[in-house]
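S.K.: Residue numbers (numbering that gives the first Met the number 0): 0 to 1150. Heads up, the beta-carbon is just placed ideally off N, CA and C, and yes, glycines get one too. All of these numbers come straight from a predicted model, not from anything done at the bench. Quick one: this structure, given as C-alpha cells, is what I'll be asking you about.
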Amino acid sequence: MENMTTITSSTGEKKSVIVRRTESCDAHKITELISPATAAVFGRVDVIYLLEKANLAVTISTAKNEVLAHSAFVDHPIGDLVDQASWEQLLQTHFNTTKFTPLNTIFLHLFAAQPSFSISCAKEIIRTVFNAITELEYICLVTPYSSSLEPALMDIFEPMPCVTEGFQCGAFVCHRHNYCPRLHVRRARATDLIDLTSLEQMKTVSDCWPVPDTLAEKIEAEDEMNHVAVFENDGLTVGFIIVSGKLNLLMLNKEYELGPFDGLRKKKAEKRSEDLDPESQPEESTVDIADPHTQSEVNEAEPVTAHITEGSGNDAASEAEDNAFLIQIQIDKRFETRSADCLPYVFRLFPEQDFCIILVHTLDSDSPLLQTFIRAIPRDCRHRDLYIFHRSGLLKTIEVRAVVSEDKSAIQELVPQHEALMEDLDLFLHRDPDVQAFVAQVEDQIIGVLVIKNEQDIEYIRANYDIENFVYFSHHQREEHGRLCQFALNPIFQHYAKHFLKEALRLAHKSCLYYRVYPSYHSDKRVTAHSLTAVLSCMVPVRPRRQIIYPLEDLGINAPSTFITTEQVPYALNHINRKLTMEPKVNINAKIVVVGASDTGLAFLEALAFCPHLQFNNLTLISPHGLPEHLSTDNMSFLAASHCYSERDHAQLSLCSWVNVVKGKMTAIDRRMTLVQVNGDHYIPYDQLILCTGRQYQMLCPTGIDISTWSLTSSVPEQRIRRYTGHIPSNLFTLNDQQDCTQAYHWLMENFVQQEGNAVVYGDTIDVYTCVETLLQIGVTGSRIHVVHQTAAGSLSCFQSLTVDQAVRTALEKQDVHVHHNCLLAQMNDGQHPEPLTSVSFTTDGLPRRLECAVFFNFFHKGVDYDSFKAVNSAYLLFDERLVIDSTYQTNDCKIHAAGPLTKLSRSCYADQWSHSYFNSKEVGQELAAILLLLFDPTLEPPAKPAPDADRIIPIYKQSKITGGKLPGGYHYLHVTKPSGYTDVSPSVSSTQGRSIVTGSVETGNYFQLRFSQHNMVESITCLSFKPLPVSNYLCLYGKHQLLLNRLYARFDEELIQDLYSYFTESWCMAIFHDRFADFQQEVHQIMTDELRSDSTSLTKLLETVTEGTLELSEDQSGQREALTKVKESVLEYLQFNQYHLPMYTQPALL
C-alpha cells in the first residue's frame, strides 16, 4: 500500500508524505493527534487496542517519520451501538438502506490529524483505501457519540437520514465514485495511441506486449475474436486491453493442470450461463456456480501448489468448444489498482465464454489484478504463469452466514466423502458451544464452508511459536482465539477466501484464527484430516520458538505451567487475524530452484517461506531423497549431528507445505535455456538456481595393489582421489543422509545383527564413532566391529580434544572393538567381483591387513558428488576444486548462486582455504536468502551500486559451529566452537590470553569444558556425558561474557562450582537460555552505549563494578546513574513480558 505523494495544508504549505499501513510503533504519536473534537465523534479511543482490532489502519507520515494523520477502519460500527454480527439489520431498520454489505462496506473508527493538514490528509486516506480494496464501494461512519462531524470529515462524508424517531445515532457515508471512480472501459481508437506518449510509468500484465505500430494494426484489424479496448479516466486514455479468443488450449493443457476448469473447454451438452453484468445483476440468476472440483483439505505431505493429477478429463473434452479468452493489459501505474474494472467489459465481448485468462512472465512484479485471479498449477511450462478468472467471480452477492441443518446436502455435494467435516457440522448443529460453522453462498448456492473451534491451547501457542510478532496477547480475550479446523471453497471464488475468513471472524466474535498442519507420519487420522492447504495462501506461517529445556524437578513450584512444558505432537502453525484480512501478500512467481536438501538449502528455503508479506509460488527443491524424513527409532542415527535442524523442527516448519519437492539428482544445467536436468530425462526451468549440494562421502576407490607383493602404504605412489566406477556391493554402505541411514538400519536388522560376520568401519571422521555406537546399540558385539583409520596412531583426531579422544579409545577397548591405524584400502574381495563383499585388504606401514567382513561402512572421503560436478563443469561454471563464488554467493552466472561446502571464494580474494564448511550452515543459508530477497522483496530498498572491490570482501559469520552425537561408551557428545574459515582446526584458544574451565571427568561421565577468549567470552564448549544433554540450552552459552554467567570466574576460583552441569540447571540461568535473551541483551547494550557515549568510564568496567556490588556514583556521573536506571527498567520489563517462560524470577508486583 505504501506510496509517496504531496499534500497541501490549509495555509498553503506543501509536504511530501508517505501513505502507508499503520505500525504498532505509531501508537504513541497517533494518541498525541487525538483532539477533543476527535473524541466527540469517536469517543475515548485506546489506540493500541484499536490497531489490534482494526481490519485496516492507514497513516500519513513524513520522511522523518512525523505522523500527520491516521485513520482506522473496522468491519462493524463504533462502540456498543449494535452487535458486530448484526450491523446490516441496524442500517436497514433505521436508515432504510439495503445497498451496504460486508463485502462493499467498511466503517471508520478513528480519524486524527494535525489541524492544518486534516482536510488534505483525510481525502488522501480515503483515496488510498478505495484504491487498496477493490470491492469497496462505501465507507461509513456510524457513531452514537455525535450527530455532527469535524470540518475535515464533513467535506467527505454525507449524512444518512434516520427514518426511526428517537434513535440517537449519527450515520454518514462516503461513496467511491466521489474519490476513486471506476475507470471507463471502451473500444480503442487509433488516436488513443497519442495519449500513450504522455504516460511515463506503465505496468504490463502480460507475458508480452506489442510495440505501438503493432498495437495500431491490432486496433485496425479488430474482429469477433480479437478486440482492443482502453481504460479512460476523465477523458484521457490511461491503459490498453488486448482481448483474444484464439487460444492454443492443447498447449495450455499440457503446460498447466486445468482439470478443475474442465480444460478451459465447454462440453457440447453444457448449458451456457447468462451474461453477468455486475452493474445490473438480475434478482434471480440461472448461472450454475457449483463445481465438483472444490479445494478441500489434504495432508501436509502435499505442497501448497498441489500435486499434478493424471487423467483430468481434458482428453474427453478435447473436441468440445473453447471456453476461454486471453487478455493482455498495459496501464498507467497510478491506476494499476483499478485494472480489474475491465472484467465486466471483456466478458461482454465474449458472452459465450466463461473463463478469462492471463499469461504473465514469472519474473514480472505482482499486480493487484492478479489478486482476483486463480493461479493455475504449472505442469511443464517454462517461464510463464497462467491466471484464470471465471465469469461467476463477477458476482458481488456473496453472503457468509451460520450453517443450518438444511445446508448439509449442499455441503456434501461441495465436499463429498468428507467424514471429519460432517462430524464437526453435527457438533455445531447439536449446539456444541466450542464449535462454530459458517457457509459462503452466492445466488443461494453454497460455495464454501468452514468450521472454527475455540482454541484451548493459547498458552502453549504463545510459548512455542512467535505469534507475538503478529498480535499483542493482552488485547485479545481468551474466547477471541479460534482454531480453523475445516475449510473448503469453490476455486472459482478463491479470491474471496480472505473475505470469507474476515466474515467468519466477525460473525464468530473472534479476532485470531490458528490453523495447524500436522506431519504426515502422525497416526491420529482425526488430527491429520485437518491439514488443509486451500487456505494457507491467506494465512501467515508462524516460526516456532526455541524452548528452554527446564530442570523441572529442581525448579519445583517455580517451573512454568504444565500447559507450556507438556510436549505435544509437533505441528506447523499458520495464523490470520483481523489486521491481516485486508493485507494482501505480494506474489513472487519467480522459479527459484534449490538443489540439495542440506542445512544450508533448508535454511534458505525457510527464510523465503516464512516471509509473512511474500508468497513464493514457485519454490522447488531437488534432492535424491526429498526433505528429511521422520525417524521411527533413535537407533537409526548413524551420523553425527549439526544441531541445525531437529526432527521436531522439520515438523514445526512443514516446508513441504510451501516447497515443491522433486526427488532426483541434478545431472545437467542448461544455462542458455535456464533448465536443470534431473535424473537425465526430466527438465525443470529456473529463474534463480541455488546450488547447495554440499559435499558427501564418496564411494572409495581401492588402490588395486596386491598385498601379497606390495604391503607398505608409504611406498604407494601418491595419487589424486579417484572416482570408483565399478559395481558397488549391496553390503557396502556410504551414509550421507537419514534415508541412507534408514536403509542401512533395516538391512542390518534383517541380514547382519542376528547372524555371523564382522563389520568394518573405515574413515577418520566423527561419523566413524557415531556409527560404531549405533552398531553397539542395535546389538552388534564389539568383537565383531573393526574400526580402520587411514591416519597413524597418535595423530590429531577429529575431536580436537585429547581428553575426548582418549575417552573414546578407552571405550572402544572396553567393548573389544578392533582398531587399526595407517591403513589404505587396497582391494575388495582380493580383486575379484565385489558382490557380496566378504573381505577387504589394506596396506599399512607394517604387515598388510586382510579383514573378513559381512558389512562395510565407508566414511573415507567427502567430496563433491560426481553428477553435480559434471553438471556444473559442463555448464562452464567456474570450478576450482570447488564451485567458485563471490562475496554475494554469485557464480560466474548471475542467475546461479551457491553456498555451503560445495563452494570457495574466488582467488582474487586471496582466501584459497576459505570455505563455508567451517561455518554454521544455517547461518550461511540465511545470509544467502537475505541476498536473494533484495531481488524480490518490494519493501526492501534495492542495493546500492557496490564499491569496485566489494566482491573481494570476505563474508563474516558469527554463529558457532556445532558438532554432536552419541559416542562409544554411551557418551553424549557436544562440541561448540568459534567459526574459522581457513582450517579444519581452529587456532588453540589456550595459545591466547583466554582461560579454560573444566569440571568433572570422562570416567564419571560428567566432563564439561568451557574455553574463554582473551575478552572473557565463551569461545568453545565441550561436553561428554552419560546423560542426554540439553543442547539448546548450552548453545546459548556461546559468546556470553563470564559476568553474564553469574560471575563464573569468581565463583569457580572460590570453589563454589564443582559441576558445570548442575551449575547450569540453577534457576538464575533460565533467562540466559530464553530465546529472546539476545534481543534483550542488545537492547541493554544500546541503552548503555547511548547513555555513556560521552562518559570516560568503559562499559565493561561499569558492568564489572555493578556485578561486584562496588558501584558508587558521584553527582557528576548522572549519565551512568540514568543508564543503570533504564537498564533496571528494561530487565523488569523483560522478565514481566516473558513471565510465562520465566516464573522462577520474582516479579515486583508480587512483592
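(1) Using the Cα positions of Phe110 and His494, report the straight-line distance between them to the nearest angstrom.
(2) Measure the C-alpha to C-alpha separation of Phe372 and Met1143 and round it to an integer number of angstroms.
(3) Whether or not the region 0-18 and the region 42-49 are in contact is what I'm after, with contact meaning three or more pairs of Cβ atoms, one per stretch, closer than 8 Å; do they touch?
(4) Taking Cβ to Cβ, would you say Ile668 is nearer than 9 Å to Ser838?
(5) Let's see if you can read the secondary structure: which residues bound the beta strand (DSSP E) around Met201?
(6) Helix, strand or coil for Arg647 per DSSP?
(7) What residues are listed by DSSP as bridge partners for Tyr761?
(8) Report the option in Asp423, Ala84, Asn463 whose CA atom is closest to the CA atom of Leu483.
(9) Hey, would you say Arg186 sits closer than 9 Å to Val229, going by beta carbons?
(10) Considering Cα atoms alone, identify which of Phe129, Ile125, Ala1049 is closest to Asp154.
(11) DSSP puts Val229 in a beta bridge; with which residues?
(12) Do Glu467 and the ligand ZN come close, with the Cβ less than 8 Å from some heavy atom?
(13) Give the range of the beta strand (DSSP E) segment to which Tyr513 is assigned.
(14) Could you tell me if Asn1152 is buried or exposed, where buried requires 16 or more neighbouring beta carbons within 10 angstroms of its beta carbon?
(15) To which residues of the same chain is Thr127 closer than 8 Å at the C-beta, ignoring the five residues directly before and after it?
(16) Looking at C-alpha atoms only, which residue of Glu851, Ser1129, Pro377 is the closest neighbour of Ile1086?
(17) What residue from Pro847, Gln444, Ser886 has the CA that sits closest to Thr708's CA?
(18) On the criterion of 16 or more Cβ atoms from any shown chain inside 10 Å, does Val883 qualify as buried, or is it exposed?
(19) Please report how far the alpha carbon of Glu628 lies from the alpha carbon of Ala339, in whole angstroms.
(20) Tell me where the beta strand (DSSP E) around Pro684 begins and ends.
(21) Within its chain, find whatever has a CB closer than 6 Å to the CB of Thr854; leave out the 5 residues flanking it on each side and keep chain order.
(22) If distances are taken between C-alpha atoms only, which option among Thr37, Gly78, Asp365, Tyr1033 comes closest to Asp936?
(23) In terms of residue numbering, what span does the alpha helix (DSSP H) encompassing Phe372 cover?
(24) Please report the distance separating the alpha-carbon of Asn54 from that of Phe72.
(25) Select from Lys52, Arg347, Leu152, His174 the residue whose C-alpha is nearest the C-alpha of Phe324.
(26) State whether the region 595-608 contacts the region 881-899, with contact taken as three or more CB pairs (one from each stretch) at a distance under 8 Å.
(27) Label Thr293 either buried or exposed according to how many other C-beta atoms from any shown protein chain fall within 10 Å of its C-beta, with 16 as the threshold for buried.
(28) So what does DSSP say about Leu80, is it helix, strand or coil?
(29) Under DSSP, the beta strand (DSSP E) around Glu851 begins and ends at which residues?
(30) Going by beta carbon distance, what residues of the same chain come within less than 8 Å of Ile720, once the five residues before and after it are set aside?
(31) Going straight from the alpha carbon of Leu107 to that of Thr142, what length do you get?
(32) DSSP three-state label for Ala874, please.
(33) Can you tell me the Cα-Cα spacing of Lys578 and Val66, whole angstroms?
(34) Helix or strand or just coil, what does DSSP make of Tyr696?
(35) Taking the straight line between their C-alpha atoms, what separation do you get for Thr666 and Asp879?
(36) Can you check which of these residues, Val403, Thr673, Val1126, is closest to Thr361 by C-alpha distance?
M.R.: Judging by the given coordinates:
(1) Walking along the sequence shown from the start, residue 110 turns up at place 111. Walking along the sequence shown from the start, residue 494 turns up at place 495. Rounded to whole angstroms, Phe110 to His494 spans 30 Å at the Cα level.
(2) As a first step, residue 372 is located in the sequence shown; it is residue number 373 there, counting from the start. As a first step, residue 1143 is located in the sequence shown; it is residue number 1144 there, counting from the start. Cα to Cα, Phe372 sits roughly 53 Å from Met1143.
(3) no
(4) Reading the sequence shown from its first residue, position 669 is the one you call residue 668. Reading the sequence shown from its first residue, position 839 is the one you call residue 838. Not closer than 9 Å, so no.
(5) The residue labelled residue 201 in the question sits at position 202 within the sequence shown. From DSSP, the beta strand (DSSP E) with Met201 extends over 201-204.
(6) Along the sequence shown, read from residue 1 onward, the residue named residue 647 stands at position 648. Here Arg647 sits in helix by DSSP.
(7) If you number the sequence shown from 1, residue 761 lands on position 762. According to DSSP, Tyr761 bridges with Val787, Asn857.
(8) Residue 483 sits at position 484 when you count from the first residue of the sequence shown. Per the Cα distances, Asp423.
(9) Here the question's residue 186 lines up with position 187 in the sequence shown. Here the question's residue 229 lines up with position 230 in the sequence shown. Contact: yes.
(10) For the purposes of this step, residue 154 is taken as residue 155 along the sequence shown, with counting starting at 1. It is Ile125 whose Cα lies nearest to the Cα of Asp154.
(11) Translated into positions along the sequence shown, residue 229 becomes position 230. In DSSP, Val229 forms a bridge with Arg185, Phe239.
(12) You won't find the ligand ZN in this model; it holds no ligand whatsoever.
(13) Stepping through the sequence shown from its first residue, residue 513 is reached at position 514. First-last of the beta strand (DSSP E) with Tyr513: 511-516.
(14) Because the chain spans 0 through 1150 in this model, residue 1152 falls outside it and cannot be assessed.
(15) Mapped onto the sequence shown, residue 127 falls at position 128. Excluding positions up to five away in sequence, the list reads Met0, Asn2, Val18, Val57.
(16) As a position in the sequence shown, residue 1086 is number 1087, starting the count at 1. Closest option to Ile1086, Cα to Cα, is Ser1129.
(17) Translated into positions along the sequence shown, residue 708 becomes position 709. Ranking the options by Cα distance to Thr708, first place goes to Pro847.
(18) Position 884 of the sequence shown, counting from 1, holds the residue named residue 883. Buried.
(19) As a position in the sequence shown, residue 628 is number 629, starting the count at 1. As a position in the sequence shown, residue 339 is number 340, starting the count at 1. When rounded, the distance between both Cα atoms is 44 Å.
(20) If you number the sequence shown from 1, residue 684 lands on position 685. Counting along the chain, the beta strand (DSSP E) containing Pro684 begins and ends at 681-684.
(21) The residue you call residue 854 lines up with position 855 of the sequence shown. For the record, residue 854 in the displayed sequence is Val; it is not Thr. Counting only Cβ-Cβ distances below 6 Å, and skipping sequence neighbours, we find Asn730, Phe751, Ala758.
(22) Residue mapping note: residue 936 aligns to position 937 of the sequence shown, counting from 1. Considering only alpha carbons, the answer is Asp365.
(23) Start at 1 with the first residue of the sequence shown, and residue 372 comes out as number 373. Looking at the DSSP string, Phe372 is not in any alpha helix (DSSP H), and its letter there is neither H nor E.
(24) Counted from its first residue, the sequence shown places residue 54 at position 55. Counted from its first residue, the sequence shown places residue 72 at position 73. C-alpha separation (whole angstroms): 6 Å.
(25) In the sequence shown, the residue the question calls residue 324 occupies position 325. The residue with the shortest Cα to Cα distance from Phe324 is Arg347.
(26) yes
(27) Within the sequence shown, numbered from 1, the residue matching residue 293 stands at position 294. At Thr293, the pLDDT of 36 sits below 50, so the modelled position is not reliable and the matter cannot be decided from this model.
(28) Position 81 of the sequence shown holds residue 80. Leu80 falls in the coil class under three-state DSSP.
(29) Residue numbering aside, residue 851 sits at position 852 when the sequence shown is read from its first letter. Looking at the DSSP string, the run of the beta strand (DSSP E) that includes Glu851 is 848-851.
(30) Position 721 of the sequence shown, counting from 1, holds the residue named residue 720. Within the same chain, Ile720 has close Cβ partners Gln697, Cys700, His860, Gly862.
(31) Taking the first residue of the sequence shown as position 1, residue 107 is located at position 108. Taking the first residue of the sequence shown as position 1, residue 142 is located at position 143. Answer to the nearest angstrom: the Cα atoms are 9 Å apart.
(32) Residue 874 sits at position 875 when you count from the first residue of the sequence shown. Reduced to three states, the DSSP call for Ala874 is coil.
(33) For the purposes of this step, residue 578 is taken as the residue at position 579 of the sequence shown. For the purposes of this step, residue 66 is taken as the residue at position 67 of the sequence shown. Looking at the two C-alpha atoms, the distance is approximately 20 Å.
(34) Working through the sequence shown from its first residue, we reach residue 696 at position 697. Strand, per DSSP.
(35) Position 667 of the sequence shown holds residue 666. Position 880 of the sequence shown holds residue 879. Their backbone Cα atoms lie some 19 Å apart in a straight line.
(36) Position 362 of the sequence shown, counted from the start, is the residue given in the question as residue 361. Out of Val403, Thr673, Val1126, Thr673 has the C-alpha closest to the C-alpha of Thr361.
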